[in-house]
Amino acid sequence: MHGCPQLSKLPKTSRVSSVIFRRQTPGSILVSKRVFRPEIRLDPEHPIYRDPERPGPIIWARSTAFSLGATPMALLLQPGIAPKPNGGPINPRPGRIAMSLQLQTFDKVRTNQRSRVARRFKFAVGLIVARGTDTANDNGRLRLVFDPENVPEEWILQGWTYTLRWTLALYRMPYPELVRLLRPML
């Protein structure tokens, strides 16, 4: 890879090789300060509705370039259009881990920027989950290091939907910096 020579010749892994993002969110996420009735959620009997002093439905971790939120899938809104019978979540093949990810952006972003940021972010998540990627300081420069003892199942919470809110700082951020910011958030 052009900006990261450590990624050019990675050996194959014998465990989890990738993260699948497509068709993993069963409902729709609407992030606002409004409180929605439990009846329109996927699970109206979720325990969070019994707690009058609940914080919010989303747990946020923030950095200067992006914020990553997590919410239980039971708190998602029911989809407006009924899914087709074969439109359920894709069960990942062996060697893959499923992750539900929703992207939120602001109005002044072009489509090519949005897709490039999504691709870079998903690639960084895949590096962290599948390879245990971390950063190390090498003569004043950040570089990627890989952990062969990584346990991929510990990184992503199953049954949760992640929400990414990003700024244009993420658009040009190098991979070592992105991994350094993202790793503690997962």
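For reference, each letter of the sequence shown is one residue, going 1061 to 1246 in our numbering. Positions of the beta carbon are idealized from the N, C-alpha and C atoms, including for glycine.
Taking residue 1192 as the reference, which of 1201, 1205, 1154 and 1217 has the closest Cα?
-> Cα-wise, what sits closest to residue 1192 is 1205.
Boundaries of the alpha helix (DSSP H) in which residue 1235 is found, first to last residue | Looking at the DSSP string, the run of the alpha helix (DSSP H) that includes residue 1235 is 1235-1242.
Nearest to residue 1215 by alpha carbon, out of 1196, 1190, 1086 and 1197?
-> Distances from the alpha-carbon of residue 1215 to those of 1196, 1190, 1086 and 1197 put 1190 closest.
Can you grab the Cα-Cα spacing for the pair residue 1207 / residue 1123, in whole Å?
-> Approximately 24 Å between the Cα atoms of the pair.
Start and end of the alpha helix (DSSP H) containing residue 1171?
-> Per DSSP, residue 1171 belongs to the alpha helix (DSSP H) from 1171-1191.
Grab me the residues of residue 1130's own chain with a C-beta within less than 6 Å of its C-beta, minus the 5 sequence neighbours each way, in chain order.
-> 1119, 1220 and 1222.
State buried or exposed for residue 1229, treating a residue as buried only when at least 16 other CB atoms are found within 10 Å of its CB.
-> So residue 1229 counts as exposed.
DSSP on residue 1132, reduced to helix/strand/coil?
-> Residue 1132 falls in the strand class under three-state DSSP.
Apart from the five residues on each side of it in sequence, which residues of its chain come closer than 6 Å, Cβ to Cβ, to residue 1127?
-> Result list for residue 1127: 1120 and 1225, in chain order.
Since residue 1186 contacts residue 1078 with CB under 8 Å, what's their CB separation in whole angstroms?
-> Sure, about 6 Å apart at Cβ, within 8 Å.
For residue 1211, is the classification buried or exposed, using 16 other Cβ atoms within 10 angstroms of its Cβ as the cut-off for buried?
-> The residue in question, residue 1211, is exposed, as its Cβ has fewer than 16 Cβ neighbours within 10 Å.
Please state whether DSSP places residue 1125 in a helix, a strand or coil.
-> Coil, per DSSP.
Proximity of residue 1158 and residue 1080 at Cβ, strictly below 7 Å = Going by beta carbons, residue 1158 and residue 1080 fall inside the 7 Å limit.
How many Å lie between residue 1125 and residue 1235 at the Cα?
-> The alpha-carbon separation between residue 1125 and residue 1235 amounts to approximately 13 Å.
Residues in its own chain within less than 6 Å of residue 1239 by CB, not counting five upstream and five downstream?
-> The residues are 1184, 1193 and 1195.
Taking the Cβ atom as the reference point for each residue, do residue 1165 and residue 1176 lie within a distance shorter than 7 Å?
-> No; because the gap between Cβ atoms is not below 7 Å, this pair is not in contact.
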